[in-house]
Ligand code: ADP
Ligand code: ADP
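Given below as structure tokens:
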């Protein structure tokens, strides 16, 4: 089952001779309940692809479908609602609100939407990320790995259809990185979460089910059941 699909995506920056094609006819599918990595050299279009798929940026040409919904057909209000209700985000830099506790950060997107969490699901997420003793702490009182696990919990608590993670372990040491990757893996194995992660790190890729390789804005290869040695 396809959770998200890009068809013939082109993203061009600038015009004329100076134009850069960050994406140059990318067609790719992401399957429901799978953990997919996007890899490739710096400048190959990984972030651009992810930002387009996550409705944070618009392609110059081509179509994007999240489930049955074609993003290009939505007006701004519906795009905002889709980002809020159906997509989870995890960033390299955590993006937590420093004045709020871990629990308040995790619940912030729901609070803004005027919704309350499913208490059972909230408990499950907190236990899975192993944050129960840290819920009343502010980000400055947490390690990098704990902060990123707060960000992961925030991404999952609204039960999004798909989670996009942009270099989620890029700012973490390998032990903290492994905690975050282990959590993302468990959310796929235990809850059937669909995750798309941009990474440079072969060890991070080894946690995924499938790797898509980009070069110069094009899909060059893909690999199932990657290992740190094979990517
Ligand atoms: P990656 O994430 O693989 O490093 P990006 O998607 O960030 O690659 O960038 C792909 C290409 O698009 C690069 O050549 C980059 O310089 C260019 N690019 C990205 N964002 C912009 C922008 N806002 N304006 C102009 N060029 C951009
Ligand atoms: P647990 O909490 O079950 O002890 P971890 O948090 O270590 O497990 O890992 C969670 C999931 O990630 C496990 O299902 C495991 O298969 C997978 N995993 C753990 N380490 C690696 C690794 N180095 N490479 C790939 N997958 C791993």
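Numbering (full-length UniProt numbering), first residue to last: 4 to 234.
Just so it is clear, CB atoms sit at the ideal spot from N, CA and C, and this is done for glycine as well.
Note that this is a predicted model, so its numbers are computed, not measured.
Just to confirm, are residue i and residue j a CB contact at a threshold of 7 angstroms?
i, j, result
"residue 97", "residue 61", "no"
"residue 216", "residue 53", "no"
"residue 186", "residue 132", "yes"
"residue 35", "residue 109", "no"
"residue 13", "residue 65", "yes"
"residue 169", "residue 201", "yes"
"residue 208", "residue 199", "no"
"residue 63", "residue 15", "yes"
"residue 93", "residue 154", "yes"
"residue 51", "residue 26", "yes"
"residue 118", "residue 134", "no"
Consult DSSP for residue i and reduce its assignment to one of helix, strand or coil.
i, result
"residue 173", "coil"
"residue 141", "coil"
"residue 65", "strand"
"residue 199", "strand"
"residue 79", "helix"
"residue 12", "strand"
"residue 107", "helix"
"residue 194", "helix"
"residue 2", "Because the chain here runs from 4 to 234, residue 2 falls outside it and cannot be looked at."
"residue 206", "helix"
"residue 88", "helix"
"residue 118", "coil"
"residue 30", "strand"
"residue 38", "strand"
"residue 178", "helix"
"residue 128", "helix"
"residue 232", "coil"
"residue 25", "strand"
"residue 226", "strand"
From residue i to residue j, what does the alpha carbon distance come to, in whole angstroms?
i, j, result
"residue 81", "residue 7", "17 angstroms"
"residue 46", "residue 221", "11 angstroms"
"residue 122", "residue 211", "29 angstroms"
"residue 147", "residue 28", "37 angstroms"
"residue 189", "residue 181", "12 angstroms"
"residue 23", "residue 10", "19 angstroms"
"residue 105", "residue 141", "6 angstroms"
"residue 120", "residue 88", "12 angstroms"
"residue 159", "residue 166", "8 angstroms"
"residue 5", "residue 100", "34 angstroms"
"residue 113", "residue 194", "20 angstroms"
"residue 172", "residue 37", "19 angstroms"
"residue 111", "residue 138", "13 angstroms"
"residue 136", "residue 68", "39 angstroms"
"residue 73", "residue 58", "11 angstroms"
"residue 179", "residue 75", "38 angstroms"
"residue 33", "residue 77", "21 angstroms"
"residue 126", "residue 107", "14 angstroms"
"residue 219", "residue 124", "41 angstroms"
Buried or exposed, going by whether 16 or more other CB atoms sit within 10 Å of the CB of residue i?
i, result
"residue 90", "buried"
"residue 161", "buried"
"residue 234", "buried"
"residue 48", "buried"
"residue 197", "buried"
"residue 40", "buried"
"residue 192", "exposed"
"residue 227", "exposed"
"residue 223", "exposed"
I'd like to know whether the C-beta of residue i is nearer than 7 angstroms to at least one C-beta of chain D.
i, result
"residue 231", "Among the chains of the structure shown, chain D does not appear; only one protein chain is present."
For ligand 4, I want to know if residue i counts as a neighbour, meaning its beta carbon is within less than 6 angstroms of at least one of the ligand's heavy atoms.
i, result
"residue 213", "Because ligand 4 does not appear in the structure shown, any question about it cannot be addressed here, the ligands present being ligand 1 and ligand 2."
Using the beta carbon as the reference atom, which residues fall closer than 6 angstroms to any heavy atom of ligand 1, ordered along the chain? 16, 23, 25, 43, 45, 46, 47, 48, 49, 50, 51
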